[in-house]
Amino acid sequence: MKLQIVIEKNRDEEILIYAHEKTPLICEIEELVNNNFIDLKGYTENETVKLNLNDVYCFVTEDNKVYALTEKGKYRLKLRLYQLEENLNNNFVKINQSCIANIKKIDRFKATVGGSLTVIFKNGYVDFVSRRNLKKVKERLGL
Amino acid sequence: MNKYVKEFIHRGLIFSGFGPIILGIIYFVLSKTVDGFTLSGVEVMTGIVSTYLLAFVHAGASVFNQIEHWSIMKSLLCHLSTLYIAYSLCYVANTWIPFEPKVLLIFTIIFMVVYFVVWGIVYFTIKATSKNFNAKLK
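Here the protein sequences line up with chains A and B, keeping their order. Note that the first sequence ends on residue 740 in this note's numbering; no numbers are left out. Note that the second sequence ends on residue 151 in this note's numbering; no numbers are left out.
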């Protein structure tokens, strides 16, 4: 595969790949691009930080506000959950009405006596997969 | 109006018509298989209204499992008690079971056994799903 980089300040930036099939290398490039192209800013009372999607465990809605739970803490976002869902890469999947999970940050799934499926993240945060989103999670995990 | 109440009513209204349809099929089968099977106008009317309401509550109650801020146990108990009350009232109103303590006790035991068998099937299905999901995470 040939690589060509054209520095052209007057055009919109874009990455275009011509390939015979979607290989693991292309998937990696896709992930890298997706992670870098979403301009995600997180806010706390004192600071505004650029969030790296690889550090995000999940996005949650609490009291109509959207937060990102990351390795460095909890940041408020100025986006709605549905806006995030449309722009996130394949590592993210909506698990219920108020949570989008990073699959890479899930420690394990657990069945509960109530018949629901709990998600335990690597940072200890616990949420659940709603029945409505179970199919989506299955597909994203390749089942 | 609370969105869950709306959802309860919405689901209830979608499925409520199935109650009298199922009742009609059962009455049809009984009329073809049981000699001298007859029903009075009051019995038919009670049957239609009560099964309509039963189907309404049964379908609507499924919303309890989706109230995300409720604990799992609360959802389970609300679902169980709502169905138990609806089924008991429907059976007693139609005199499908007599209003006697002994009969009600047997009805309650059967109801609980069936409910928990269904619950067990759901639980073990979810458990198998979680096992599959965990295998994919590794």
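Just so it is clear, CB atoms sit at the ideal spot from N, CA and C, and this is done for glycine as well. These numbers come from a predicted model, not from an experiment.
Could you name the residues of the region 699 to 716 of chain A whose beta carbon sits closer than 7 Å to any beta carbon of chain B, in the order they occur along the chain?
703, 705, 706, 707, 708, 709, 710, 711, 712, 713 and 714
Looking at the C-beta of residue 738 of chain A, does it have a partner C-beta in chain B at a distance below 8 Å?
yes
Hey, could you find the ends of the alpha helix (DSSP H) residue 20 of chain B is sitting in?
Residue 20 of chain B: member of the alpha helix (DSSP H) spanning 16 to 28, first to last residue.
Compile a chain-ordered list of the residues in the region 109 to 140 of chain B whose CB is closer than 9 Å to at least one CB of chain A.
132, 135, 136, 137, 138, 139 and 140
Any chain A beta carbon closer than 8 Å to residue 164 of chain B:
Outside the shown range of chain B (14 to 151) lies residue 164 of chain B, about which nothing can therefore be said.
Identity of the residue in A:627, A:667, A:621 and A:660 nearest residue 702 of chain A by Cα
A:667
Let me confirm a value: residue 656 of chain A is counted as buried when at least 16 other C-beta atoms fall within 10 Å, else exposed. Which label applies?
Its Cβ being crowded by 16 or more others within 10 Å, residue 656 of chain A is buried.
Terminal residues of the continuous alpha helix (DSSP H) containing residue 639 of chain A?
Run containing residue 639 of chain A: none in the alpha helix (DSSP H); it sits in the beta strand (DSSP E), 638 to 640.
Please report the distance separating the alpha-carbon of residue 695 of chain A from that of residue 114 of chain B.
46 Å
Among B:132, B:18 and B:145, the one whose alpha carbon lies nearest that of residue 86 of chain B
When C-alpha distances from residue 86 of chain B are compared across B:132, B:18 and B:145, the shortest belongs to B:132.
Starting from residue 41 of chain B, follow the alpha helix (DSSP H) in both directions and report where the run begins and ends.
31 to 46
Please go through the same chain and pick out, in chain order, the residues whose beta-carbon is closer than 7 Å to the beta-carbon of residue 730 of chain A, but skip the five residues on each side of it.
Counting only Cβ-Cβ distances below 7 Å, and skipping sequence neighbours, we find 691, 692 and 693.
Per-residue burial, residue 41 of chain B [other beta carbons within 10 Å of its own, 16 or more giving buried]
exposed
Between residue 686 of chain A and residue 628 of chain A, is the Cβ-Cβ spacing less than 8 Å?
yes
Proximity test, Cβ basis, 8 Å: residue 59 of chain B and chain A
no
Using the beta-carbon of each residue, which ones in chain A are nearer than 7 Å to residue 142 of chain B?
Within chain A, the residues near residue 142 of chain B are 714.
Enclosing alpha helix (DSSP H) for residue 737 of chain A [first to last residue]:
From DSSP, the alpha helix (DSSP H) with residue 737 of chain A extends over 728 to 737.
For residue 107 of chain B, return the contacting residues in chain A, with the cut-off set at a CB-CB distance below 8 Å.
Result: empty, since nearest Cβ-Cβ is about 30 Å, beyond 8 Å.
CB-CB under 7 Å to residue 662 of chain A, same chain, minus the five flanking residues each way: which ones, in chain order?
673
On the DSSP letters alone, give me the boundaries of the alpha helix (DSSP H) that residue 141 of chain B sits inside.
Annotation for residue 141 of chain B: the continuous alpha helix (DSSP H) segment containing it runs 114 to 150.
Using CA atoms only, rank isn't needed, just tell me which of A:670, A:706 and A:736 is closest to residue 725 of chain A.
Taking only the C-alpha atoms, the option nearest residue 725 of chain A is A:706.
Give me the residue from A:698, A:623 and A:704 with the minimum Cα distance to residue 598 of chain A.
Of the candidates A:698, A:623 and A:704, the one whose C-alpha sits nearest the C-alpha of residue 598 of chain A is A:623.
Starting from residue 230 of chain B, follow the alpha helix (DSSP H) in both directions and report where the run begins and ends.
No answer is possible for residue 230 of chain B: the residues shown for chain B start at 14 and end at 151.
Residues near residue 741 of chain A in its chain [Cβ-Cβ closer than 7 Å; skip 5 each side]
Any question about residue 741 of chain A goes unanswered here, given that chain A covers just 598 to 740.
Would you identify the three-state DSSP class for residue 709 of chain A, choosing helix, strand or coil?
Taken through DSSP and simplified to helix, strand or coil, residue 709 of chain A comes out as coil.
Residue interval of the beta strand (DSSP E) (run including residue 715 of chain A)
Counting along the chain, the beta strand (DSSP E) containing residue 715 of chain A begins and ends at 714 to 718.
For a contact defined as C-beta to C-beta under 7 Å, what are the partners of residue 145 of chain B on chain A?
Within 7 Å Cβ-Cβ: 740.
Whole angstroms is fine: what's the gap from residue 135 of chain B's alpha carbon to residue 606 of chain A's?
Near 58 Å, if we compare the C-alpha coordinates of residue 606 of chain A and residue 135 of chain B.
Beta strand (DSSP E) segment containing residue 664 of chain A, residue limits
662 to 667
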